[in-house]
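The sequence shown: position 74 = 75 (this note's numbering), numbered continuously.
Where is the CB? At the ideal position from N, CA and C, for every residue including glycine.
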Amino acid sequence: MATIKHGNGTLGLGALSKDSGLHKVEIGRPATGPNDVAVDIQFCGMCHSDLHATNGEWGIESFPLIPGHEIAGVVREVGSKVTKFQVGDRVGVGCFVESCSTCVECKRGEQNICRNGCCQTYSSMYPEGKGHDECAGYHTNGGYSSNITVRDEFVLKLPDNLESHAAAPLLCAGITMFSPLNRHVLKGGKTRVGVVGFGGLGQTGVKIAKAMGCEVTVFSRSNSKKEAAEKLGAKLVAHSDEEALKAAANSLEVILDTVAVPHDVNPIMACLEPAGAYVCIGAIPQAMEISPFALIVKNLQLEGSLVGGIPETQQMLEFCSKHNIAPDYKVIKASEANAQFKALQDGTAAIGRAVIDMSTLKDVMLTTESTNDPRVR
């Protein structure tokens, strides 16, 4: 790993260009404004989205790029107008750090779908008029770093009995699965749920759905994860097994598809009963074929789901704390992050999530490489 020096001394792990891997980077962070919370980052989960972004797969990335939107840490400083947080509080920061605050969605607490565009935790442009105009034109950098400064509205309180390294992956994986389940189960009354894919997202979704009282079916490529699914109280259907799929036809009310690579959803969609809902969660950049006829003849809903707003994310943390839910995860050193990315890329990563102990960032080997790139902020 190279060390790129620029900024005010905040250290991070960043991609210098598409497919470059992660390097140690020195970046700048905004000064703590009156409505801001400055957080010393203790842990940051590694999300498949981080890999997509650092590989430049979505075409919206700006390099150098420090990923990470599953952030857990401790408040170091608060602005003069902040009343919800105090120095020393355990807090989290999720997938976005700003929104317009004025649209219908923002006023409903659905900042994640702000119609004027929410500001993502990394690789988004700082907006004007939000207290950091000196940063306007620079892109945000995420949680693979030693600290972050965020407006208080976008900071979350961590429940006392939820450990920080367990809370970190919940801030993406947890809310990604909780939000559609909240919509369809807690509010919609559905009880028969399917989950496609049994990685970090899938197994988190199974845990949440079971805690909501659901009957859960996992769809995976083979039966190799059958025992792991059954340990969580779910049954497994191998979607390569045509007979198993036929037996599951019309058995489910809602299916959450977490798979982040192109795949044939039509045979799995047949497992929905009439008027069921198929929810796309895996962020696949490529187009896929879906039969409109299959939707029409059973009056099916096809929908997307992008994390959740701040109030719902706080609700998720409280729910997971109450039910003792956390993704399966392992804590790794910062020096192991590139190896974890390779495992995600190759499909060889263990079930669950990896969480970087950011205190180990200081131990990553230093070099003397430098840059004057003003985008490193």
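{"Check": "What residues are listed by DSSP as bridge partners for Q302?", "Outcome": "A278"}
{"Check": "Out of G189, G110, G203 and G198, which has the shortest C-alpha to C-alpha gap to L171?", "Outcome": "G203"}
{"Check": "Cα separation between V207 and V196?", "Outcome": "7 Å"}
{"Check": "What are the uninterrupted segments assigned as alpha helix (DSSP H) that are 4 or more residues long and contained completely in the stretch 167 to 210, given in chain order?", "Outcome": "176 to 182"}
{"Check": "Cα-Cα, which of G69, V262 and K334 is closest to L362?", "Outcome": "K334"}
{"Check": "Can you list, in chain order, the residues of its chain whose CB lies under 6 Å from that of D20, leaving out five sequence neighbours each side?", "Outcome": "N56"}
{"Check": "A248 lies in the alpha helix (DSSP H); which residues open and close that run?", "Outcome": "E243 to A248"}
{"Check": "Determine the contact status of V94 and V26, defining contact as a CB-CB distance below 8 Å.", "Outcome": "no"}
{"Check": "Given G214, which residues of its chain have a CB within under 7 Å of its CB, disregarding the five upstream and five downstream residues?", "Outcome": "T192"}
{"Check": "Under the three-state reduction of DSSP, which class applies to A284: helix, strand or coil?", "Outcome": "coil"}
{"Check": "If we count Cβ pairs, one from each stretch, closer than 8 Å, do we get three or more for the stretch 312 to 324 versus the stretch 158 to 174?", "Outcome": "yes"}
{"Check": "Quick check on the burial criterion: 16 or more other C-beta atoms within 10 angstroms. Buried or exposed for M270?", "Outcome": "buried"}
{"Check": "Sorted by chain position, which residues of the same chain lie with C-beta nearer than 6 Å to A350's C-beta, five sequence neighbours on each side aside?", "Outcome": "A344"}
{"Check": "Starting from A239, trace the beta strand (DSSP E) in both directions and tell me its first and last residue.", "Outcome": "K236 to A239"}
{"Check": "Between D212 and the rest of its own chain, which residues show a CB-CB distance below 7 Å, the 5 nearest in sequence each way excluded?", "Outcome": "Residue identity differs from the one stated: residue 212 is Ala in this sequence, not Asp. The answer, listed in chain order, is H324 and I326."}
{"Check": "Rounded to a whole number of angstroms, what is the C-alpha to C-alpha distance between M289 and D265?", "Outcome": "8 Å"}
{"Check": "How far does the alpha helix (DSSP H) with H53 in it reach, from first residue to last?", "Outcome": "H49 to T55"}
{"Check": "Can you check which of these residues, G305, K236 and L187, is closest to I285 by C-alpha distance?", "Outcome": "G305"}
{"Check": "What residues in its chain sit with their C-beta under 8 Å from that of P263, if we drop five residues either side in the sequence?", "Outcome": "I285, Q287 and M289"}
{"Check": "Given A174, which residues of its chain have a CB within under 8 Å of its CB, disregarding the five upstream and five downstream residues?", "Outcome": "G46, C48, E71, G201, L202, T205, P328 and R354"}
{"Check": "Answer with buried or exposed for I297, where buried requires no fewer than 16 other C-beta atoms within 10 angstroms of its C-beta.", "Outcome": "exposed"}
{"Check": "Out of V88, C119, F97 and G89, which has the shortest C-alpha to C-alpha gap to T103?", "Outcome": "C119"}
{"Check": "Quick one: measure Cβ to Cβ for E145 and P68, integer angstroms, because I've assumed they're closer than 8 Å.", "Outcome": "One point to set straight first is that residue 145 is Tyr, not Glu, in the sequence displayed. Confirmed, about 6 Å."}
{"Check": "Taking C-beta to C-beta, are T122 and C101 nearer than 8 Å?", "Outcome": "no"}
{"Check": "Confirm, please, whether the CB-CB distance from G234 to V217 is below 8 Å.", "Outcome": "yes"}
{"Check": "Put Q87 into one of helix, strand or coil per three-state DSSP.", "Outcome": "coil"}
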